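Take a look at the structure set out below.
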Amino acid sequence: MQPKHWLGSLAIATLLVVPQLVWSEPGAAFYNLEVGKDVLENVTLPTIDGGEATLLDHEMGANVFVFFRPGPEPSRRGLADMARCGEDLADYPVRWTALVSDRYPAEEVQAVVDNANFRGPVLVDQGNTLYGRYGVRLHPVVGVTDGEGRLTAYQPYTQINFCARVKAKVLHTLGEIDDEELQQRLSPRSVDPRADSAVAQRNLRMGQRFLQMGNYEQALATARRSLELDPDLAAAHGMAALSLAHQDQCDEAAAHIDRALALEPAQAEAEAAREQCGQ
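For what it's worth, the UniProt record's numbering labels the leading residue of the sequence shown as 1, then goes sequentially.
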């Protein structure tokens, strides 16, 4: 477990700004799937309560599935957000499903599901088969399909407006809102993009302090806040990658490594993360 450094962390954290993450490039969440093209196989998997269920319901207008882990706080919050989101869209033909790796004890998973008040089936991804098939890079992450199983959207976890963003994509899949309204819901205009960039850079400097302190959880949170303001900030992707690598979350680090090096070849933190993960 990493040291918390509560006093230093608290002082720095109070200076940070927390808007919403917008990371929409194809492949960021499901590395092996393409939105609008890939049709998912409707596999049948065991459920945590000892039964079995299909991934999709073709009688519904949309299917929503969320990959989560029972331990990390973002996953627990994300699952709770999806439970509330399902309640908000209860009048629409939408099926909500959660997926979790079989490496977690059923009792631990059930406790998280109960606490989140998630009412959909919770499927057990045996041997991380779907995780690998889809190329999942982030947790939690939501996928949306139409009634035929075609992937129409994905949404990585965001600290703010996670449910709102998922709802917008579901309603778009159902044909309830058009492309223009979808973009309005997903990408509200910044009052001053230059100010956003300046705050992102300031947050990044704070994150460097967390890295130096060995507080990788706070460094990751800070990197994500910078990405919320400037999704193409290579140094923020590098910081996120290195923070994840130090927490042995190399699968998730890989997406940030790839993005950082695409934006800035030989980006230092991304290279360090790649070495840390043995890539």
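All C-beta atoms, glycine included, are put in the ideal place defined by N, C-alpha and C. Given the structure is predicted, the values throughout are model-derived calculations rather than measurements.
- Contact check between the region 130 to 142 and the region 237 to 257: three or more CB pairs, one atom from each, fall below 8 Å, which counts as touching.
- Shown here, Ser101 sits in a strand according to DSSP, grouped into three states.
- Three or more Cβ pairs closer than 8 Å define a contact, and the region 25 to 44 meets that threshold against the region 142 to 151.
- Within the model, the alpha-carbon separation for Leu233 versus Ala260 is close to 8 Å.
- One alpha carbon belongs to Glu275, the other to Val39, and they sit about 35 Å apart.
- With a beta-carbon spacing of about 7 Å, Ala235 and Glu269 fall inside the 8 Å limit used to define contacts.
- Counting along the chain, Ala106 sits inside the alpha helix (DSSP H) bounded by residues 106 to 116.
- Less than 8 Å separates the beta-carbon of Gly61 from that of Gly147.
- Relative to the Cα of Gly207, the nearest Cα in the group Leu186, Glu180, His237, Gln184 belongs to His237.
- Tyr92: not part of any alpha helix (DSSP H); DSSP gives it neither H nor E.
- Excluding sequence positions up to five before and after Tyr104, its CB lies within less than 6 Å of the CB of Pro70, all in the same chain and listed in chain order.
- The C-alpha of Thr222 lies about 28 Å from the C-alpha of Val109.
- Going by DSSP, Asp258 is part of the alpha helix (DSSP H) stretching over 250 to 263.
- In this structure, Glu34 is the residue among Met213, Ala80, Glu34, Gln212 with its C-alpha nearest to the C-alpha of Ala153.
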